[in-house]
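Enquirer: Yeah, the sequence shown ends on 425 if you go by my numbering, and it's all consecutive.
Quick one: the structure is below, questions incoming.
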Amino acid sequence: MNRIFSGIQPTGNLHLGNYLGAIRNWVALQRDYDCIFCIVDLHALTQPQDPVQLRNSTREVTAAYIAAGIDPERCLIFNQSTVAVHSELAWLLSCYTPLGWLNRMTQFKEKAGKQRDMASLGLYSYPVLMAADILAYKATHVPVGEDQKQHLELARDIAGAFNRRYGVEFFPLPEPQIFGAATRVMSLRDGSKKMSKSDSSDYSRINMTDDADTIALKIQKAKTDPEPLPGDEAGLANRPEAANLLGIYAALTDATLEAAVARFAGQNFSTFKKELADVAVAVLGRIGGEMRRRSARGRSPSHICARSRTSSACCAPEAGSGRGSRVGSGRDFRPAFCRIPRKLALPSRIAAVS
Ligand code: AMP
Ligand code: TRP
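This is the structure:
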């Protein structure tokens, strides 16, 4: 049985990159897999967070999942911090993770910057917690954006290290699923930088909650170059802004980049941008409206994420009990090598929120 695990950090504004690189793909996958979609609030704590803001963002991400079309009747949705197993397994896995593997992680290098000695241990070991998220449920597939590829490779390495250590095929090696025409959406202000929640300029990204006028304005103001659009994909070389905007158009219209390039060949940016704004508003406007309505209902985060309690209930330890766990730690410690029933029933509380 194939099982998906993926997650988003509840830190600030969800944007078009999160949608095209992750959430939209999840919606399509939920038909064919057992799906677990987490709001990874423990990961968010690797950077300073305002507690009230963190709670609000947790609610917003939950609303985004559901507004984008993730069906809480089919999928498990919960926030990470309420299932202790994630942290427990992260500790265990950290004991099989050589420092050298973590030293290679480019995201840590970028986030820690020059002040590496001041960066927290949590920021450094973040990919181990991510591996624990995935392996705790024996997930086989992990749909993410391009930027998470390295972390996924590390999760595979850690799973392999554990299996080899005990001579078992215990953890499946999780497969990354990185697809769509926009696996890496770039900033609207700088085509060489990833669109990100933390960019100080709001004009660098389209937020999932932006209204139609804001979306249109941001696209209108997006950086371009002076040339008309190229006639073929090769013409996008060294034109990062054109490549990014056409990639976004292709993803939003479910077309290939090749088709999008052909459609606007030789046209100027202003004509293209009007069409791009129309499709962006058509797709995101509806989702953003739904998110705003859900957030306005303002249930408490514990209501929204009550689902997490179900997930802990669902996690029947299938290993590590009885004569001690596979790792040889005490009877009481049961690594969360979990089995989740095929039918993921949803408590009515959550259904009401959703
Ligand atoms: P984060 O915002 O870092 O929590 O990322 C959540 C998910 O969105 C992950 O699967 C990321 O790979 C994806 N993602 C984040 N930013 C982008 C982007 N600019 N382009 C494509 N995918 C992205
Ligand atoms: N690290 C991921 C990001 O920043 C979020 C994440 C945490 C995740 N745990 C995960 C994604 C498990 C996939 C699977 O985008």
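We put the beta carbon where it would ideally sit given N, CA and C, even for glycine.
#1: Measuring alpha carbon to alpha carbon, tell me which of N174, L147 and F250 ends up nearest Y197.
#2: I need the straight-line Cα distance from R227 to P311, nearest angstrom please.
#3: What number of angstroms, rounded off, separates the C-alpha of L91 from the C-alpha of N84?
#4: Taking E181 as the reference, which of R260, Q151, K265 and A203 has the closest Cα?
#5: Quick check on the burial criterion: 16 or more other C-beta atoms within 10 angstroms. Buried or exposed for D303?
#6: Please state the DSSP three-state secondary structure of D188.
#7: What does the alpha-carbon distance come out to for the pair G78 and A336?
#8: How big is the Cα-Cα spacing for G184 and L316?
#9: Given a cut-off of 9 angstroms on the beta-carbon distance, is the pair I75 and A203 in contact?
#10: Cβ atoms of S267 and H86: under 9 angstroms apart, would you say?
#11: When the Cβ atoms of the segment 105-114 are set against those of the segment 122-137, are three or more pairs found closer than 8 angstroms?
#12: Please classify M201: does DSSP put it in a helix, a strand, or coil?
#13: Which one of V352, K220 and D105 has the shortest CA to CA distance from P143?
#14: On the three-state DSSP scale, how would you describe S77?
#15: Who are the near neighbours of D426 in its chain, counting only those whose CB is closer than 8 angstroms to its CB and skipping five residues on each side?
#16: Looking at ligand 2, does it come within less than 8 angstroms of L147, judged from the CB to the closest heavy atom?
#17: Got a sec: does ligand 2 put a non-hydrogen atom nearer than 8 angstroms to the Cβ of L288?
#18: Please confirm if the segment 249-264 is in contact with the segment 212-226, defined as three or more CB-CB distances below 8 angstroms between the two stretches.
#19: Looking at R102 and A139, is the spacing between their C-beta atoms short of 9 angstroms?
#20: Could you say which of Q338, L347, S341 and E159 lies nearest to D325 if we only look at CA atoms?
#21: Whole angstroms are fine: how far does the CA of S275 sit from the CA of R145?
#22: So A313 and D296 are supposed to be a Cβ contact under 8 angstroms. How far apart are they, rounded?
#23: Using the beta-carbon count (16 or more within 10 Å), is K300 buried or exposed?
#24: Using alpha carbons as the reference points, say which of V98, G318 and G306 lies closest to M428.
#25: So, using beta-carbon positions, are V132 and A161 closer together than 9 angstroms?
Expert: Reading off the structure:
#1: For the purposes of this step, residue 197 is taken as residue 126 along the sequence shown, with counting starting at 1. It is N174.
#2: Residue mapping note: residue 227 aligns to position 156 of the sequence shown, counting from 1. Residue mapping note: residue 311 aligns to position 240 of the sequence shown, counting from 1. Their Cα atoms are separated by approximately 32 angstroms.
#3: As a working mapping, residue 91 is identified with position 20 in the sequence shown. As a working mapping, residue 84 is identified with position 13 in the sequence shown. Whole-angstrom Cα-Cα distance: 14 angstroms.
#4: Position 110 of the sequence shown, counted from the start, is the residue given in the question as residue 181. If we check each option's Cα against that of E181, K265 comes out closest.
#5: Counting from one through the sequence shown, the residue named residue 303 turns up at place 232. Exposed, by the Cβ-count rule.
#6: To locate residue 188, count along the sequence shown from 1; it is residue 117. In this structure, D188 counts as helix in the three-state DSSP scheme.
#7: Within the sequence shown, the letter at position 7 stands for residue 78. Within the sequence shown, the letter at position 265 stands for residue 336. Roughly 37 angstroms between the two C-alpha positions.
#8: One-based indexing of the sequence shown puts residue 184 at position 113. One-based indexing of the sequence shown puts residue 316 at position 245. One C-alpha to the other measures close to 29 angstroms.
#9: Here residue 75 corresponds to residue number 4 of the sequence shown, with the count starting at 1. Here residue 203 corresponds to residue number 132 of the sequence shown, with the count starting at 1. Contact flag unset, no.
#10: In the sequence shown, the residue the question calls residue 86 occupies position 15. In the sequence shown, the residue the question calls residue 267 occupies position 196. Closer than 9 angstroms, so yes.
#11: yes
#12: The sequence position of residue 201 within the sequence shown is 130, counting from 1. Looking at M201 - three-state DSSP - the assignment turns out to be helix.
#13: Along the sequence shown, one-based indexing puts residue 143 at 72. Ranking the options by Cα distance to P143, first place goes to D105.
#14: Translated into the one-based positions of the sequence shown, residue 77 becomes position 6. Residue state, collapsed to three classes: strand.
#15: What the structure shows of the chain is the stretch from 72 to 425, and residue 426 is not part of that stretch, so it cannot be assessed.
#16: Position 76 of the sequence shown, counted from the first residue, corresponds to residue 147. Checking every heavy atom of ligand 2 against the Cβ of L147, none is found closer than 8 angstroms.
#17: For this step, residue 288 is matched to residue 217 along the sequence shown. No, Cβ of L288 sits at least 8 angstroms from all heavy atoms of ligand 2.
#18: yes
#19: Locating residue 139 in the sequence shown gives position 68, counting from the first residue. Locating residue 102 in the sequence shown gives position 31, counting from the first residue. Not a contact, by the Cβ cut-off of 9 angstroms.
#20: Within the sequence shown, the letter at position 254 stands for residue 325. Closest option to D325, Cα to Cα, is L347.
#21: Start at 1 with the first residue of the sequence shown, and residue 145 comes out as number 74. Start at 1 with the first residue of the sequence shown, and residue 275 comes out as number 204. One C-alpha to the other measures close to 34 angstroms.
#22: Within the sequence shown, residue 313 is the residue found at index 242, counting from 1. Within the sequence shown, residue 296 is the residue found at index 225, counting from 1. Yes, A313 and D296 are in contact; Cβ-Cβ is about 6 angstroms, under 8 angstroms.
#23: Counting from 1 along the sequence shown, the entry for residue 300 is found at position 229. What sits at residue 300 in the sequence shown is Leu, not Lys. Label assigned to L300: buried.
#24: The chain is shown from 72 up to 425; residue 428 falls before or after that span and cannot be answered.
#25: Taking the first residue of the sequence shown as position 1, residue 132 is located at position 61. Taking the first residue of the sequence shown as position 1, residue 161 is located at position 90. No, these two residues do not count as a Cβ contact at 9 angstroms.
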